[in-house]
Amino acid sequence: MADKLIFIVDKNEAICKEVTAWLQEIGFQAKVFEDTELCFNTIDQNPSAICLDMNTSGPSGLSGLEFLKRLRLTNRDIPIMVVTENGDLDSAVEVMKLGAFDYMVKPVEKARLITNIQRAIAMHTMVHKIDRLRGEIEKKHVYKNIIGQSEAIQRVFTQIEEVAEININVLVEGESGTGKELAAKAIHYGSAYKTGPFIAINCGAIPESLQESEFFGHEKGSFTGADHARIGKLEYANNGSLFLDEVGEMSQEMQVKLLRFLQDKTFERLGGNKKINVDLRIISATNRKLEQEVKRGKFREDLYYRLVVYPITMPPLRDRKEDIPLLVNYFLKKFKNEISKIITSVSSSVMESFMKYDWKGNVRQLENVIYRSMVATRTETIELENLPSEIQQNTDHNFITQDTSQNQPTHFATPEPSKAVTATPTIQEMEKNALIKALKISAGNIEQAAKSLGISRATCYRKIKKYQID
Ligand SMILES: Nc1ncnc2c1ncn2[C@@H]1O[C@H](COP(=O)(O)OP(=O)(O)OP(=O)(O)O)[C@@H](O)[C@H]1O
Ligand SMILES: [Mg+2]
Numbered sequence: 007m008a009d010k011l012i013f014i015v016d017k018n019e020a021i022c023k024e025v026t027a028w029l030q031e032i033g034f035q036a037k038v039f040e041d042t043e044l045c046f047n048t049i050d051q052n053p054s055a056i057c058l059d060m061n062t063s064g065p066s067g068l069s070g071l072e073f074l075k076r077l078r079l080t081n082r083d084i085p086i087m088v089v090t091e092n093g094d095l096d097s098a099v100e101v102m103k104l105g106a107f108d109y110m111v112k113p114v115e116k117a118r119l120i121t122n123i124q125r126a127i128a129m130h131t132m133v134h135k136i137d138r139l140r141g142e143i144e145k146k147h148v149y150k151n152i153i154g155q156s157e158a159i160q161r162v163f164t165q166i167e168e169v170a171e172i173n174i175n176v177l178v179e180g181e182s183g184t185g186k187e188l189a190a191k192a193i194h195y196g197s198a199y200k201t202g203p204f205i206a207i208n209c210g211a212i213p214e215s216l217q218e219s220e221f222f223g224h225e226k227g228s229f230t231g232a233d234h235a236r237i238g239k240l241e242y243a244n245n246g247s248l249f250l251d252e253v254g255e256m257s258q259e260m261q262v263k264l265l266r267f268l269q270d271k272t273f274e275r276l277g278g279n280k281k282i283n284v285d286l287r288i289i290s291a292t293n294r295k296l297e298q299e300v301k302r303g304k305f306r307e308d309l310y311y312r313l314v315v316y317p318i319t320m321p322p323l324r325d326r327k328e329d330i331p332l333l334v335n336y337f338l339k340k341f342k343n344e345i346s347k348i349i350t351s352v353s354s355s356v357m358e359s360f361m362k363y364d365w366k367g368n369v370r371q372l373e374n375v376i377y378r379s380m381v382a383t384r385t386e387t388i389e390l391e392n393l394p395s396e397i398q399q400n401t402d403h404n405f406i407t408q409d410t411s412q413n414q415p416t417h418f419a420t421p422e423p424s425k426a427v428t429a430t431p432t433i434q435e436m437e438k439n440a441l442i443k444a445l446k447i448s449a450g451n452i453e454q455a456a457k458s459l460g461i462s463r464a465t466c467y468r469k470i471k472k473y474q475i476d
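For the sequence shown, the positions run 7 to 476 when the numbering used here is used.
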């Protein structure tokens, strides 16, 4: 702990000298202030801790209490050891409320002061470390608004990170609703073009006759109805990214023109003859297998190879079902304000049907189902009857209750066969059986049982108590 800087705020010169010596003995540096204001003005030196005599105000008149309040307003979390002449309990409480680490009555013993300072610094460092780790853990499950902890989606995070920094053309493939646009935005916002615009163009939604003008813009009078000159998406996207959504839907004619643009990075507006240069990044997306479209002669091979320099495939939700609890939790939070209802979880049978459902519409479909169910729900938990019927039909009862608010992974535990075949067991019975089985396999080791069920140790204990399992 060498080189830590400690501020001492005290009018008593002898005490200051003594404390300075104590601190130097353990390799700390001390800086003494006779005035709280002066100390406050020097706070940018970021001391590791402050020893503050509450009776020090100095010529500025800034009391110890005011000093603490002001410091709190700056949002700095420097540990403070408060020292007073008298052990008045009320002021002790007030001082601790203001975030002081400890409250000591004079005369202060060397051992206590030193231990407290060391402990405060250690705790402070630990809190920061925990915050940082927590940030890293959260980052793992959320990457630029894309949620997921499955291996498949984590691979996508890595690919986005890899490709964002280099300006090569990316093609994002994947079924509808898998997050292709989210991925494209993540690439844009992770790239050198992030300060420029992200312009999306849906190639499937523009009539063939208007595609060229949409891309390149046009001059006034260039075709019937072109009353004004208009700039196209390529110009809008200058210094940013152009997102070619549903690129497989682009007309053959437009494919040729886009290829020409990609070759020399210049174009002319429709009806114009001035060469326009733009600097942008191209990200395309398709929910068709573009390579097959090439084989079928629907998409130009030369353009395909230009666009697909770096391919990213978004995995369908059915192939990464372990992400469902995280996504459910995310959407419950996302819609909380919009719907103005406090709905914190989904029932275990709802989660079970989600885990079994095929999700042809992928994350978008899950998002819509959560939204609609939240609208339909009157309690804090979404129940099976709030779900669309096609999802309700997916239910059976071989699972353990999920508490989505804790982001726990879902785990299916099969109940004991002999009990499972008896007439429709209740959810509680199923849960109890799963627990008994897990405990049996782990030879009573609660930690292991909890792990195999995908629940926390505390939840496991609670449930053992609830079902009186011994
Ligand atoms: N991993 C994810 N985490 C959070 N939200 C997601 C995720 N994937 C998709 N979504 C959400 O699902 C919806 C659909 O995503 P997006 O528009 O990016 O999909 P898409 O693949 O472009 O779909 P389409 O092919 O139909 O255009 C959006 O509301 C998006 O925010
Ligand atoms: Mg899309």
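The beta-carbon is built from N, C-alpha and C at its ideal position, and this holds for glycine as well.
Quick caveat, the model's predicted, so the values are computed rather than measured.
Its chain contains K10, L11, I12, I127 as the residues whose beta carbon lies nearer than 7 Å to that of S54, once the 5 sequence neighbours on both sides are disregarded; these appear in chain order.
DSSP places P53 in no alpha helix (DSSP H); its state is neither H nor E. Within 10 angstroms of the beta-carbon of Y149 lie 16 or more other beta-carbons, which makes it buried. Looking at the DSSP output, F13 shares a beta bridge with K37, I56. DSSP links H224 through a beta bridge to R236, L276. Distances taken from the Cβ of K186 to the heavy atoms of ligand 2 include one shorter than 8 Å. Secondary structure at N283: strand, using DSSP grouped into helix, strand and coil. The beta-carbon distance between L309 and L264, rounded to whole angstroms, is 6 Å. This is short enough to meet the 8 Å contact definition. Less than 9 Å divides the Cβ of E386 from the Cβ of I348. Relative to ligand 1, the nearest heavy atom lies less than 8 Å away from the CB of G183.
In the DSSP annotation of this structure, N208 is not part of any alpha helix (DSSP H); the continuous beta strand (DSSP E) holding it starts and ends at 204-208. With a cutoff of 8 Å, A291 counts as near ligand 2, since its C-beta is closer than that to a heavy atom of the ligand. Per the C-alpha coordinates, the member of L77, N92, Q217 positioned closest to I86 is L77.
The Cβ-Cβ distance between I84 and I123 does not fall below 9 Å.
If you keep only unbroken beta strand (DSSP E) runs of at least 3 residues inside the segment 291-352, you get 316-319. The beta carbon of G254 sits no closer than 8 Å to any heavy atom of ligand 1.
Here V162 really is in contact with I318; their C-beta atoms are around 6 Å apart, less than 8 Å. Along the length of the segment 126-195, whole alpha helix (DSSP H) runs at least 4 residues long occupy 157-170, 186-195, reported in chain order. As DSSP reads the structure, M102 sits in no beta bridge. For V284 against E220, the beta-carbon gap comes to about 15 Å, at or over 8 Å, which does not count as contact. Note on geometry: alpha-carbon atoms of L313 and L286 lie some 14 Å from one another. Here DSSP, grouped into helix, strand and coil, assigns V89 to strand. For S63, there is no enclosing alpha helix (DSSP H), as DSSP marks it with neither H nor E.
Looking at the DSSP output, I388 bridges to V352.
Counting along the chain, S247 sits inside the beta strand (DSSP E) bounded by residues 247-251. Within a 10 Å sphere around the beta-carbon of E391 sit fewer than 16 other beta-carbons, which makes this residue exposed. According to the DSSP assignment, D108 belongs to the beta strand (DSSP E) that extends over 108-111.
I461 is not bridged by DSSP to any residue.
By the C-beta density criterion, T121 is exposed, having fewer than 16 other C-beta atoms within 10 angstroms.
Below 8 Å, too few C-beta pairs join the segment 203-218 and the segment 172-186 to call them touching: fewer than three. With respect to the 9 Å criterion, F305 and Q261 are classified as neighbours on the basis of their beta carbons. According to the DSSP assignment, E396 belongs to the alpha helix (DSSP H) that extends over 395-398. As DSSP reads the structure, I288 sits in a beta bridge with L248.
Going by DSSP, G70 is part of the alpha helix (DSSP H) stretching over 70-79. Taking 9 Å as the cut-off, the beta carbon of Q371 is found no closer than this to the beta carbon of L332. A distance of 9 Å or more separates the beta carbons of P203 and S156.
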